[in-house]
Structure formats: C-alpha cells, structure tokens
Amino acid sequence: MEALKSSRKQLKSWGLRHKEHIAAYGEGNERRLTGKHETADINTFKWGVANRGASIRVGRDTEKEGKGYFEDRRPASNMDPYVVTSLIAETTLLWKA
1 MEALKSSRKQ LKSWGLRHKE HIAAYGEGNE RRLTGKHETA DINTFKWGVA
51 NRGASIRVGR DTEKEGKGYF EDRRPASNMD PYVVTSLIAE TTLLWKA
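Counted from 1, the sequence shown has number 67 at position 67 by full-length UniProt numbering; the numbering is strictly sequential.
Structure, rendered in structure tokens:
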C-alpha cells in the first residue's frame, strides 16, 4: 500500500463525499448495495486492493506500480453517466478535503 501514498488523498475525498455520490448513483441502490454478494454496504465507504466488496476497488497493478485506475463499484446501471462522471471529476480533481 505504500506505493498508493499519493492516491490516498483522492480516496479520502471520495470517502468524505460518499453520501453525495450515492445520491447521484441511481435509484434503487439500497436494494443492491447490501454488503452481500460482492457489494459494499450503501451506508459505509471503504476501499481496498482487489477487494470486490469495497466501494472503491484498487487493482493489484495500481498498487504495485503506484499509479493506475480505481474502480467505483457503487453506480447503478440506471444512473445518469453525465452526472456521475461530473461528480467523479469534481471530487477527484477540484474538491479539497
């Protein structure tokens, strides 16, 4: 996890804005995000390397190389991709924790 040191700030921001993200991530997410069946609980934010039960999954290569992508596992299929992409960009690039 040491290689992810610079990314922890972004992950912290995502955690602090968890409720805002959930509100924009589609209707009915409370039925899907139960904490069971490889999903995170809707009320809890957590991230982890190769953790399919986390809100944000960090790939093993990202951990190893200290750069790469995160997978936000919270958005539902009925979300508005423009709203979600805008919120992710705002939280990642502009929002100050």
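Just so it is clear, CB atoms sit at the ideal spot from N, CA and C, and this is done for glycine as well.
Can you give the beta carbon distance from residue i to residue j, rounded, assuming they're within the 8 Å contact cut?
{"i": "L59", "j": "G68", "result": "A quick correction: the sequence has Gly, not Leu, at residue 59. Right, their Cβ atoms sit about 6 Å apart."}
{"i": "L4", "j": "E71", "result": "With a Cβ gap of about 14 Å, L4 and E71 do not count as contacting."}
Buried or exposed: where does residue i fall if 16 or more other Cβ atoms within 10 Å of its Cβ makes it buried?
{"i": "S55", "result": "buried"}
{"i": "L94", "result": "exposed"}
For residue i, report the span of its beta strand (DSSP E) as first-last.
{"i": "W47", "result": "47-49"}
Give the range of the alpha helix (DSSP H) segment to which residue i is assigned.
{"i": "E65", "result": "60-65"}
{"i": "E71", "result": "Here E71 belongs to no alpha helix (DSSP H); instead the beta strand (DSSP E) covers 70-72."}
{"i": "N81", "result": "Looking at the sequence provided, one finds Pro at residue 81 rather than Asn. 81-89 is the extent of the alpha helix (DSSP H) around P81."}
{"i": "I42", "result": "Where I42 is concerned, there is no enclosing alpha helix (DSSP H), given that its DSSP letter is neither H nor E."}
Which residue's Cα is closest to the Cα of residue i: the options?
{"i": "R17", "options": "I42, R31, G66, Y82", "result": "I42"}
{"i": "A89", "options": "S6, H21, R8, L4", "result": "H21"}
{"i": "S13", "options": "E65, D61, F45, V84", "result": "F45"}
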